[in-house]
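Protein chains in written order, with this note's numbering: chain A, 1174 to 1640; chain B, 12 to 477.
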C-alpha cells in the first residue's frame, strides 16, 4: 500500500484557485486599456471563464491535484482568451475568435480525460505501438489525399468537415505520446535495440508523412519529442548514445544538404527546368533554406520569408513594458503563429514574460510529476513527460521562432493561439496532466511500493538505470 | 509477500537536467529580451534611438502628430495629416520656433530640441483612436508671444520672457537667435555657422547678470540690517564716482563716470550706482551675499518640465574684496540666464516666494489625462519685510524709467548691462506688474536703457490682458 500522504501545503493550496481568478480580473483592465469593444466582449467571456476556473480548480483541489500546475494552465488560458478578443478588435485577423469552439474544446478534453482509463489499459498491450503507428499513418494518408490549406501556406495539414476545418496533424502528437508510452510500458520487455528500431520506424513514418503533406512545423515538435523521450527514458547504453549522435549529425547534415541543394536547384527553378524528384524536393529545400537563412539574416528577404519576422521585430521594439501606444498591428497571422509577439506588443513585456514563466512552471511541475510517476508506472511517467514537453517545447519553439532566435516554425503557441483543433489538444494535454497529478504528491518521490499490490508497476528486466 | 524495491535511480537525473535546461532557457530569454527591448532603451541613447526610429518608421504613414495649443486653446502647432508633419501658422512659426524646436530620428541617433523633441513620447508615440498624438496644452499666450516677438525683439538677438506671478507659469518665451528659425523648415537652422546660433535665447545663454544683480545685493544688505538691527547709516554712502576695493588695483566706476555724492539704497538702485553696490556688497559680506544668491537659487539647476534645465553659476572667484565687489554689481564670474532673472523678478513680485516655472500645463489623449502640471514653490527667498523694501525701491526705479503709475499702473523694474567676453554687451530689464513678471534680454546690445521702450510696450500689453 502507498504510505499515507499529507496534503502538500505548497502545491495544493487553495490560493492557486484565487490567483487565476484575480488574474482574470486583471486581464480585464489590460483589455480595457487596448480596446473598449474588446473589453465588452471579455466581460461576457469572464462569466464562463470564472466558472470554469472555479469549478475545475475546486475539483483539482479536492482530488489533491497539482494546484501550481492548475494555476499556470488557468492563467495562460485566460490570457489567451483576453488576447484573442483584443486581437479581433485591434488586428486584421483572418478569422474571428469563437467562444463556443473554445467551450467545445474544453468539453472534449473532459471527455478525453474521462476515457483515459481505457487508454491506460490499452497502453499496456503490446499491439498498442502498432496501433498508434497505424493511427499516425492513417492521419497522413487522409491528409495526403483529402488535405487542404485554408491559409495558403502550401501545406496539406487541414481537413474540411462540413463547415469546419480540422488540423489533423495535431492528433499525431497525441498518438506519438501514446506510442512512446506503450513502447516503454511495464508490461513490455524490449531490448535496447528493439526500442531504437521501433521508435526509428515511427520517427521515419512521421518524417515521410510530414514531407508528403509539406508540414514540417509539426514534425519539428515530434522530432524534439523523439529525442527527449529516448534520451530520458531509455536506459544508458552504447547503442543509445550512438543513435542519438547519429541522429544529431543526420539532422545537421540534412540542413547542410538543403543549403547545397538550394544553391544548385535555385537557378534551375528560376528557369523552370526542374523535373522528377527534384521538382518534389524543391519546395522543401526552399522552405528549409529560407527558414534558416532568414533567421541568420532577417534582411535577406524582408518582403518575403522575412516579412513576418521583420514585423515581429518592429513590434518587439515598440512594445515597452505595457504594450505599444501607436496602434501597430501589421503582424501577419498575429492570432496564431505570431501570437506571442502579438501578446507582447498588445499587453507589453511585463505580462508576456510573466506568462513565459507560467510555461516554465508547467515544465517544472510536469517534469516533477513525471519523476514521481516513474516510480509507480513508467508509461504514466512517459505520458506526463511527453505531454509536458509537447506543451513547453512547442511554446518555446514558437516563442523563440517568432522572436527570430531559432528558425520560425509557424506553429500555434499553447493556450495563446486560436484554432479549434489545437485548443482541443492543449486542453487534453493540460487536463490529463492534472488528472495524473491527482493523489500524487511530492512525498512519494523516490518512494517505495509493494510489488504484489501494484503489479503494473514492474519494470522491464532489460532496463538498466545505472545513474 | 511484499517485496520492496527502491526505484530512486530511474531516469530522474535526466529529467532534472531538462528542467535545469528549461530554467536556463527561460531566464536567459527573459534577461536578454527584457534587457534589449525594455531596460536598455531607458538607459542607452543608441537603444532609445533604435526604438524610436523603428516606431517612427512604422507609424509615419498613418500617425498624426498631436496638436500643441496655447492657454486659450489656440493651435500653436498642428494641422498634421497622415504622412505629413504638423506645422505652425504665421507668425507662430517664428515666434514659437525656438520654443517648439524639432524632432528627427534615424537608426543611430535622435535629434531633438525644444518641446517637440521632449514631448515626442506623447505627441508622436502615444496615439488616440484616430491615430493622432496626444494634445499638449501650454501655458503661453499666443497674442503676447507674437507681440513680444514682432514688436519687442523685432529681429534683434535676445528673448522676452513673461511669467505669472502667482503660479510661475510661462506666458511668453520668445527668442531670436542670429538666424531666423522657421519651425516649419528645420533646415533654416543650418543657415548660420556662428557659434551657438542653434540654441534658444532665454534659457541657453549664461552671462553675468549685470546690474540686475544689484537687487540681490540690496536684498542681502537689507537682511543683514534686519538681522543685526542696523540703522539707515548702514546704507549711507558718499559716492565719488570711483571705488577701489582693499588690496585691489582695479578702479570701479559708475556708468558714464557719474558722481552721485551722498546717497542711500533707493537712490543708488534708481541710478544703478556701481560704486555704491561694490561698497555695500563688501560691507554685507561674501557669506550673506552668497546666501542671498543661493536663496534665489543662483548656482542650482532648475528643471522646467519638457523644456530645459536652467543653469547658473555663483562664483566669487578668490573671495577677495575686489572679486566680491565685482559680483555685488553683477559682473565677475557669476552667470545667470534670462529665464532665471525673470524668476527672480517673479519671486519678489510673489512676496519672496519663487515658484517653479512650467510651460506644459497638461497633456491629454482624447479624454484621458496623461499629464498635469504641478504648481509648487521652489523657495521662499526673502521675508515679507525685505520684499516690501525691494518692491518700494524697484517701483521708484521703474518710475524713473518712465513707467509712472498713472500710465503704466504698478510696475517695479531694474535694468542691467553685462560686459561679456568678446566685447559683447548683454543687456536686460527685469520687472513685474501686479500679475506678471518679465525679463527682456538683448544679447548683443550697448546700453540697457535701449530696452525701456520695449519694456513700456510690454507692460502696457500685459495690463491689457485679462
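Think of the CB as a built atom: it goes at the ideal place given N, C-alpha and C, for glycine as much as any other residue. Keep in mind that this is a model prediction, so the values were computed, not measured.
Starting from the C-beta of residue 1270 of chain A, find all residues in its chain whose C-beta is less than 7 Å away, skip the five residues before and the five after it, and write them out in chain order. Looking up residue 1270 of chain A in the first chain gives position 97. Correct list, in chain order: 1257, 1258, 1261 and 1591.
Just checking my contact of residue 1468 of chain A with residue 1577 of chain A at CB under 8 Å: how many whole Å lie between their CB atoms? Residue numbering aside, residue 1468 of chain A sits at position 295 when the first chain is read from its first letter. Residue numbering aside, residue 1577 of chain A sits at position 404 when the first chain is read from its first letter. 6 Å between Cβ atoms; contact.
Which residues, in chain order, does the region 1485-1508 of chain A contribute to contact with chain B at a C-beta distance below 9 Å? 1486, 1487, 1488, 1489, 1490, 1491, 1492, 1493, 1494, 1497, 1498, 1499, 1500, 1501 and 1503
Would you identify the three-state DSSP class for residue 464 of chain B, choosing helix, strand or coil? The sequence position of residue 464 of chain B within the second chain is 453, counting from 1. Assignment of residue 464 of chain B by DSSP, reduced to helix, strand and coil, places it in the helix class.
Could you tell me whether the region 321-332 of chain B touches the region 409-424 of chain B, where touching means 3 or more Cβ pairs closer than 8 Å? no
What does residue 1405 of chain A reach in chain B if we use C-beta pairs closer than 8 Å? Numbered from 1 along the first chain, position 232 holds the residue referred to as residue 1405 of chain A. Within chain B, the residues near residue 1405 of chain A are 22, 25, 26 and 29.
Closest by CA to residue 55 of chain B, which one among B/86, B/121, B/213 and B/356? As a first step, residue 55 of chain B is located in the second chain; it is residue number 44 there, counting from the start. Considering only alpha carbons, the answer is B/121.
I'd like the list of long-range same chain contacts for residue 244 of chain B, defined as Cβ closer than 6 Å, with 5 residues on each side in sequence excluded. As a first step, residue 244 of chain B is located in the second chain; it is residue number 233 there, counting from the start. Nothing listed; no residue qualifies.
Starting from residue 156 of chain B, follow its DSSP beta bridges and name the residues at the other end. Sequence index remark: in the second chain, residue 156 of chain B carries index 145 (1-based). None; residue 156 of chain B has no bridge partner.
Rounded separation between residue 169 of chain B and residue 424 of chain B - CA only: What you label residue 169 of chain B is simply residue 158 of the second chain in a count that begins at 1. What you label residue 424 of chain B is simply residue 413 of the second chain in a count that begins at 1. Approximately 18 Å, taken between the alpha carbons.
Since I believe residue 308 of chain B is in contact with residue 339 of chain B (beta carbons under 8 Å), could you give me their beta-carbon distance rounded to a whole number of angstroms? Within the second chain, residue 339 of chain B is the residue found at index 328, counting from 1. Within the second chain, residue 308 of chain B is the residue found at index 297, counting from 1. Actually they are not in contact, since the Cβ atoms of residue 339 of chain B and residue 308 of chain B sit about 19 Å apart, beyond 8 Å.
From which residue to which residue does the beta strand (DSSP E) around residue 262 of chain B run? Here the question's residue 262 of chain B lines up with position 251 in the second chain. Residue 262 of chain B -> beta strand (DSSP E) spans 262-264.
Please report the Cβ distance between residue 377 of chain B and residue 222 of chain B, rounded to the nearest whole angstrom; I am assuming they are in contact, meaning their Cβ atoms lie under 8 Å. Translated into the one-based positions of the second chain, residue 377 of chain B becomes position 366. Translated into the one-based positions of the second chain, residue 222 of chain B becomes position 211. A Cβ-Cβ separation of about 50 Å leaves residue 377 of chain B out of contact with residue 222 of chain B under the 8 Å criterion.
Which residues share a DSSP beta bridge with residue 452 of chain B? Counting from 1 along the second chain, the entry for residue 452 of chain B is found at position 441. In the DSSP output, where bridge partners are listed per residue, residue 452 of chain B has B/170 and B/439.
Please list the partners that residue 1522 of chain A has in chain B, where partner means a Cβ-to-Cβ separation under 8 Å. Translated into the one-based positions of the first chain, residue 1522 of chain A becomes position 349. Near residue 1522 of chain A (Cβ distances below 8 Å), the residues of chain B are 44, 45, 48 and 49.
So is residue 1587 of chain A buried or exposed if we call it buried at 16+ other beta carbons inside 10 Å? Numbered from 1 along the first chain, position 414 holds the residue referred to as residue 1587 of chain A. Residue 1587 of chain A comes out buried.
Bridge partner(s) assigned by DSSP for residue 1459 of chain A: Within the first chain, residue 1459 of chain A is the residue found at index 286, counting from 1. Residue 1459 of chain A is not bridged to any residue.
Determine the DSSP secondary structure at residue 1568 of chain A, reduced to helix, strand or coil. For the purposes of this step, residue 1568 of chain A is identified with residue 395 of the first chain, where counting begins at 1. In this structure, residue 1568 of chain A counts as helix in the three-state DSSP scheme.
Excluding the 5 residues preceding and the 5 following residue 1494 of chain A in the sequence, name in chain order all residues of the same chain whose CB lies nearer than 7 Å to its CB. Locating residue 1494 of chain A in the first chain gives position 321, counting from the first residue. Excluding sequence neighbours, residue 1494 of chain A sits near 1521, 1522 and 1523.
What whole-angstrom Cβ distance do residue 220 of chain B and residue 345 of chain B have, given they're in contact under 8 Å? Numbered from its first residue, the second chain carries residue 220 of chain B at position 209. Numbered from its first residue, the second chain carries residue 345 of chain B at position 334. With a Cβ gap of about 7 Å, residue 220 of chain B and residue 345 of chain B count as contacting.
Under 8 Å by Cβ, that's how I've got residue 226 of chain B and residue 250 of chain B pegged, so tell me the actual separation to the nearest angstrom. Position 215 of the second chain, counting from 1, holds the residue named residue 226 of chain B. Position 239 of the second chain, counting from 1, holds the residue named residue 250 of chain B. In fact, because the Cβ distance is near 19 Å, the residues do not count as touching under 8 Å.
By a C-beta neighbour count over all protein chains shown, 10 Å radius and 16 as the cutoff for buried, is residue 202 of chain B buried or exposed? By one-based count along the second chain, residue 202 of chain B stands at place 191. Exposed, by the Cβ-count rule.
Residue 187 of chain B bridges to which residues according to DSSP? Position 176 of the second chain, counted from the start, is the residue given in the question as residue 187 of chain B. Answer is B/169.
Indicate whether at least one CB of chain A lies closer than 8 Å to the CB of residue 374 of chain B. For the purposes of this step, residue 374 of chain B is taken as residue 363 along the second chain, with counting starting at 1. Chain A contact via Cβ: absent.
For a test of the three-state rule: what should DSSP assign to residue 1320 of chain A, helix, strand or coil? Translated into the one-based positions of the first chain, residue 1320 of chain A becomes position 147. The answer is coil: DSSP assigns residue 1320 of chain A none of H, G, I, E or B.
In three-state terms, what does DSSP make of residue 101 of chain B? To locate residue 101 of chain B, count along the second chain from 1; it is residue 90. Three-state result, residue 101 of chain B: coil.
Pairwise C-alpha distance: residue 1202 of chain A and residue 1309 of chain A: Taking the first chain and counting its residues from 1, the one referred to as residue 1309 of chain A is at position 136. Taking the first chain and counting its residues from 1, the one referred to as residue 1202 of chain A is at position 29. Approximately 43 Å between the Cα atoms of the pair.
Under 8 Å between C-beta atoms of residue 1332 of chain A and residue 1341 of chain A: Within the first chain, numbered from 1, the residue matching residue 1332 of chain A stands at position 159. Within the first chain, numbered from 1, the residue matching residue 1341 of chain A stands at position 168. Contact: yes.
Would you list, in sequence order, the uninterrupted alpha helix (DSSP H) runs of no fewer than 4 residues that lie entirely inside the region 1424-1483 of chain A? 1450-1469
Which of the three DSSP states, helix, strand or coil, is assigned to residue 1594 of chain A? Taking the first chain and counting its residues from 1, one reaches residue 1594 of chain A at position 421. The answer is helix: DSSP assigns residue 1594 of chain A an H, G or I state.
Between B/195, B/361, B/65 and B/336, which has its C-alpha nearest residue 253 of chain B's C-alpha? As a first step, residue 253 of chain B is located in the second chain; it is residue number 242 there, counting from the start. When only C-alpha atoms are compared, the closest one is B/336.
Can you tell me where the alpha helix (DSSP H) holding residue 288 of chain B begins and where it ends? Looking up residue 288 of chain B in the second chain gives position 277. Where residue 288 of chain B is concerned, the enclosing alpha helix (DSSP H) stretches over 285-295.
Simplified DSSP state of residue 176 of chain B, which is helix, strand or coil: By 1-based counting over the second chain, the position of residue 176 of chain B is 165. The answer is coil: DSSP assigns residue 176 of chain B none of H, G, I, E or B.
So, under 8 Å CB-CB, residue 506 of chain B and residue 407 of chain B are touching, yes? Tell me the CB distance rounded to an integer number of Å. Outside the modelled stretch of chain B, which goes from 12 to 477, sits residue 506 of chain B, for which no answer is possible.
Would a check of beta-carbon distances place residue 70 of chain B closer than 8 Å to chain A? Start at 1 with the first residue of the second chain, and residue 70 of chain B comes out as number 59. For residue 70 of chain B, the answer is yes, since a Cβ of chain A falls inside 8 Å of its Cβ.
Check whether the Cβ of residue 322 of chain B lies closer than 8 Å to any Cβ atom in chain A. Counting from 1 along the second chain, the entry for residue 322 of chain B is found at position 311. Residue 322 of chain B does not count as touching chain A.
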